[in-house]
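Undergrad: Residue numbers (the numbering used here): 75 to 487.
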Amino acid sequence: MAEQLVFPAGFLWGVAGAAHQVEGGNINSDSWVLEHIPNSPFTEPSGDACDHYHRYPEDIAQIAALGFNTYRFSIEWARIEPEEGEFSTAALDHYRRMLAACHEHGLTPIVTYHHFTSPRWFAARGGWESAANAEYFARYCARATAHLGDLIGAACTLNEPNVGLLIQQIGHMPPDDMMAQAPYRAAAARAVGSDTFAAFPYCRQELARDTFLQAHRLAVAAIKAGPGNFPVGLTLAMSDHQAVPGGEATRDRVRRAVDDVFLDAARDDDFIGVQTYSRARYDAAGTLPPEEGVELTQMGYEFWPEALEATIRYAAAYTSRPVLVTENGIGTEDDTRRIEYVRRALRGVHRCLEDGIVVRGYCYWSVFDNFEWAMGYRPKFGLIAVDRTTQQRAPKPSAAWLGGIARANMLTA
Ligand code: BGC
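#1: With a CB to CB cut of under 6 Å and the five nearest residues on each side skipped, what residues in its chain are close to Pro249?
#2: For the ligand BGC, is there any heavy atom lying closer than 7 Å to the beta carbon of Glu446?
#3: Glu414 to Thr270, Cα distance in whole Å?
#4: In angstroms, rounded to a whole number, what distance separates the CA positions of Gly505 and Ala272?
#5: Please say whether Cys230 and Thr65 have beta carbons closer to each other than 8 Å?
#6: Using the three-state DSSP reduction, which class does Ile101 fall into: helix, strand or coil?
#7: Which ranges does the alpha helix (DSSP H) cover as unbroken runs of at least 4 residues, wholly within the segment 395 to 459, from first to last along the chain?
#8: At 4 residues or longer, what runs of the alpha helix (DSSP H) sit wholly inside the segment 149 to 237?
#9: Taking 7 Å as the cut-off, does the CB of Glu234 come closer than this to any heavy atom belonging to the ligand BGC?
#10: Is Glu376 helix, strand or coil by DSSP?
#11: Return the residue from the list Asn236, Ala212 and Tyr130 that minimises the CA-CA distance to Glu176.
#12: Given Tyr451, which residues of its chain have a CB within under 8 Å of its CB, disregarding the five upstream and five downstream residues?
#13: Return the chain-ordered ranges of every alpha helix (DSSP H) run that is complete within the segment 285 to 345 and spans a minimum of 4 residues.
#14: So, Ile111 versus Tyr258, is the Cβ gap smaller than 8 Å?
#15: Quick check on this structure: which residue in Glu155, Ser352 and Asp338 has the alpha carbon closest to the alpha carbon of Ile346?
#16: Tell me the rounded alpha-carbon separation between Ser472 and Leu382.
#17: For Arg330, count neighbouring Cβ atoms within 10 angstroms of its own Cβ and tell me buried if that reaches 16, exposed if not.
#18: Please look up how many angstroms separate the CB atoms of Val476 and Val416, rounded, as I've assumed it's under 8 Å.
#19: Taking the C-alpha atoms as reference points, what is the distance between Ala340 and Met312?
#20: Check for me: the beta strand (DSSP E) holding Val89 runs from which residue to which?
#21: Assign Ser120 to one of three DSSP states: helix, strand, or coil.
#22: Looking at the structure shown, is Thr463 part of a helix, part of a strand, or coil, going by DSSP?
#23: For the candidate residues Asp167, Glu178 and Leu166, whose alpha-carbon lies nearest to that of Tyr145?
#24: Got a sec: does the ligand BGC put a non-hydrogen atom nearer than 7 Å to the Cβ of Phe190?
#25: In its own chain, which residues sit with a C-beta less than 6 Å from the C-beta of Ile431, not counting the 5 before and 5 after it?
#26: Could you tell me the alpha carbon to alpha carbon distance between His188 and Asp122, rounded to whole angstroms?
#27: Please report how far the alpha carbon of Leu232 lies from the alpha carbon of Val335, in whole angstroms.
#28: Examine the ligand BGC and report whether any of its heavy atoms sits within less than 7 Å of the Cβ of Ala174.
#29: Residue range of the alpha helix (DSSP H) that Leu140 falls in?
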């Protein structure tokens, strides 16, 4: 008999995306600037992306029809506050309509207030590198919450403020390092008519870290003060940090710098947003590359779905807070490997639940094949393929498979 793994009643089964990666035409963002500077290391610009800005009604209907009960998406600061202090009611109304569409289709909307991109004016003022700029973020959170809060199901203040530190340690996305270098920054600054430009995650991480920690604190207070009464948390890029014999001290040092300082800041939050893709291994000298012959994903890191269980356990033990898996997924052309990856990841989630760890839900990254930052549209994380000429959507077998699990609230292993 096949084993049936039942999930708790009310478990959130979601798909995730982020404004810049799917909406298209996010021309007022810092990323758009970087995508268009001379010799940009971005392999291609984001362009129209999946035109989700206009197609959200059909997209939200499709997510619900597949069987999911949750949609995690981000609202775009660059649209909501196009110039410093100038707020767009039209942009806020757009996100209000998206939230209403989620409710119409029975989806709990999880809103991320910041998913990597910021307005040009913010980057031109030093962006996340400047401690004083945390206040701008808090003001934007207050304004957005005042307009949207009554419809929000759960909120993430910041998406992966630690991802740059993680990348530095494990080198997942090499072009990101290049972007932090002086010539690119100077070109971007020229493009916005400033003498400085800092865009996350392509910036000085230690400075950004301190601004983010402050911004998160201020944002939680701003969001909690607004209308609505929903859980608020922080999402983190979490890798399953493993030591080979002798590598324990290196692993602990990396964990302290990349995870613990942020988990410390999230101790009073309603949940920890765990976002996990793979593992990293350490010896006494540093980070080890994946072993010869192991399966790699399109991102170049190891196919290691068990990482999710390890990171949930770590975050829950460290903070004693409930966990929400706000991202987990795989970039692959082979949809059968996606199903295998998610199946193994979900078995790990279930083992955590069996041990009494509170896990509120699981959001697959990503709903669509979308703009994978510096790597452009090549990596395929989506449950749904998108023809970028016609914008036609084509759900993959994994979409029906995972939607079926969501509907049944059960994995048949
Ligand atoms: C980010 C996403 C990204 C995904 C896959 C996460 O680090 O939040 O924006 O597309 O990983 O690389």
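Each residue gets a CB set at the ideal place from its N, CA and C atoms; glycine is no exception.
TA: This is what the structure gives:
#1: The residue you call residue 249 lines up with position 175 of the sequence shown. Low local confidence applies: a pLDDT of 49 at Pro249 is under 50, so the model's placement there is unreliable, and no value is given.
#2: For the purposes of this step, residue 446 is taken as residue 372 along the sequence shown, with counting starting at 1. Because some heavy atom of the ligand BGC lies under 7 Å away, the Cβ of Glu446 counts as near it: yes.
#3: Translated into positions along the sequence shown, residue 414 becomes position 340. Translated into positions along the sequence shown, residue 270 becomes position 196. Near 45 Å, if we compare the C-alpha coordinates of Thr270 and Glu414.
#4: One cannot answer for residue 505 here, as it falls past the ends of the chain, which runs 75 to 487.
#5: In the structure as shown, the chain begins at 75 and stops at 487. Residue 65 is therefore absent and cannot be evaluated.
#6: In the sequence shown, counting from the first residue as 1, residue 101 sits at position 27. DSSP places Ile101 outside both helix and strand once states are collapsed to three, so it counts as coil.
#7: 409 to 428, all fully within the segment 395 to 459.
#8: Whole alpha helix (DSSP H) segments, 4+ residues: 151 to 154, 163 to 178, 194 to 197 and 208 to 222.
#9: Reading the sequence shown from its first residue, position 160 is the one you call residue 234. Answer for Glu234: yes, Cβ within range of the ligand BGC.
#10: Numbered from its first residue, the sequence shown carries residue 376 at position 302. Judged by DSSP in its simplified three-state form, Glu376 adopts strand.
#11: For the purposes of this step, residue 176 is taken as the residue at position 102 of the sequence shown. Looking at the sequence shown, residue 176 is not Glu but Cys. Nearest in C-alpha terms to Cys176, of all of Asn236, Ala212 and Tyr130, is Tyr130.
#12: In the sequence shown, residue 451 corresponds to position 377, counting from 1. Counting only Cβ-Cβ distances below 8 Å, and skipping sequence neighbours, we find Glu118, Asp443, Asn444, Phe445 and Arg462.
#13: Runs of the alpha helix (DSSP H) inside the segment 285 to 345: 322 to 329 and 335 to 339.
#14: Position 37 of the sequence shown, counted from the first residue, corresponds to residue 111. Position 184 of the sequence shown, counted from the first residue, corresponds to residue 258. Against a cut-off of 8 Å, the Cβ pair of Tyr258 and Ile111 comes out as a contact.
#15: Reading the sequence shown from its first residue, position 272 is the one you call residue 346. Checking every option, the nearest Cα to that of Ile346 belongs to Asp338.
#16: Translated into positions along the sequence shown, residue 472 becomes position 398. Translated into positions along the sequence shown, residue 382 becomes position 308. Annotation: Ser472 to Leu382 spans about 19 Å, alpha carbon to alpha carbon.
#17: To locate residue 330, count along the sequence shown from 1; it is residue 256. In this structure Arg330 is exposed. Its beta-carbon is surrounded by fewer than 16 other beta-carbon atoms within 10 angstroms.
#18: Here residue 476 corresponds to residue number 402 of the sequence shown, with the count starting at 1. Here residue 416 corresponds to residue number 342 of the sequence shown, with the count starting at 1. According to the sequence shown, residue 476 is Leu rather than Val. 6 Å between Cβ atoms; contact.
#19: Indexing the sequence shown from 1 puts residue 340 at position 266. Indexing the sequence shown from 1 puts residue 312 at position 238. Distance between Ala340 and Met312, taken at the CA atoms: about 14 Å.
#20: Here the question's residue 89 lines up with position 15 in the sequence shown. Run containing Val89: Leu86 to Ala90, per the beta strand (DSSP E) assignment.
#21: In the sequence shown, residue 120 corresponds to position 46, counting from 1. For Ser120, the secondary structure class from DSSP, reduced to helix, strand or coil, is coil.
#22: Numbered from its first residue, the sequence shown carries residue 463 at position 389. Of the three classes helix, strand and coil, the one that applies to Thr463 here is coil, per DSSP.
#23: Here residue 145 refers to the residue found at position 71 of the sequence shown. Tyr145 has its Cα closest to that of Glu178, out of Asp167, Glu178 and Leu166.
#24: Mapped onto the sequence shown, residue 190 falls at position 116. At least one heavy atom of the ligand BGC is nearer than 7 Å to the Cβ of Phe190, so yes.
#25: One-based indexing of the sequence shown puts residue 431 at position 357. Around Ile431: Ala390.
#26: Within the sequence shown, residue 188 is the residue found at index 114, counting from 1. Within the sequence shown, residue 122 is the residue found at index 48, counting from 1. Spanning the alpha carbons of His188 and Asp122 requires a straight line of approximately 20 Å.
#27: On the sequence shown, position 158 is the one that residue 232 refers to. On the sequence shown, position 261 is the one that residue 335 refers to. One alpha carbon belongs to Leu232, the other to Val335, and they sit about 15 Å apart.
#28: Translated into positions along the sequence shown, residue 174 becomes position 100. The nearest non-hydrogen atom of the ligand BGC is 7 Å or more from the C-beta of Ala174.
#29: As a first step, residue 140 is located in the sequence shown; it is residue number 66 there, counting from the start. His126 to Leu140 is the extent of the alpha helix (DSSP H) around Leu140.
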